[in-house]
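What follows is a short report on a single structure.
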Amino acid sequence: MALANCPRCGALFNKSTLDCCPACHEEEERLIKITQAYLRAHRNAPVFEVMQNVDVPQWMLDKWILEKRIQFVKPEEEMSKLRCLYCGREIEPGISICKTCHIRKLTEKPPMGKNSSEAETKSKIKRTGMHVKIR
Ligand SMILES: [Zn+2]
Ligand SMILES: [Zn+2]
2 MALANCPRCG ALFNKSTLDC CPACHEEEER LIKITQAYLR AHRNAPVFEV MQNVDVPQWM
62 LDKWILEKRI QFVKPEEEMS KLRCLYCGRE IEPGISICKT CHIRKLTEKP PMGKNSSEAE
122 TKSKIKRTGM HVKIR
């Protein structure tokens with residue numbers, strides 16, 4: 002049994018099972034339940050609002066975010082929500098179409114006739130040197 006002083010309250014505890022004493026661990030579990038409930042009710046609540054209303058220290062929130070136990074929607078992310086050019090569903094920044102539409106685009110080939118005639122037109126223009134915009 003590895004005894005250590007709790008980094009939060011200083012009490013002796015068994016280091017091999019927890020990273021703080023059972024009392025502090027219990028307190029943390031109590032706080033995260035309240036925080037999770039608060040975030041469910043206030044989906045876009047910023048960090049400072051949770052700190053004030055749940056009375057939880059910021060380092061604890063940071064710890065939970067790292068552990069992926071809670072998640073904050075950053076206001077700027079909310080503002081710049083992107084939508085798929087094809088179906089309009091929300092997509093991640095950096096891409097312009099969603100996965101579903103991307104796969105559909107890859108697998109769905111245009112009809113052969115249209116494709117070949119377009120290539121034909123292009124080569125014809127190249128030969129004759131006409132300046133025509135192809136739409
Ligand atoms: Zn403690
Ligand atoms: Zn889409």
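For the sequence shown, the working numbering assigns the number 2 to the initial residue and increments by one for each residue that follows.
Here a beta-carbon is modelled for each residue, glycine too, at the ideal position from N, C-alpha and C.
Query raised in the report: Leaving out five residues before and five after Gln37 in sequence, what residues of the same chain have Cβ atoms less than 7 Å from its Cβ?
Result: Ile71
Report task. On the DSSP bridge assignment, give the partners of Asn6 in chain order. Result -> Leu13
Query raised in the report: Anyone know if the C-beta pair for Cys85 and Ile104 falls short of 9 Å?
Result: no
Query raised in the report: So does Ala24 have its beta carbon nearer than 8 Å to some heavy atom of ligand 1?
Result: yes
Query raised in the report: Unbroken beta strand (DSSP E) runs of length 3 or more, entirely within the stretch 12-86: which are they?
Result: 13-15
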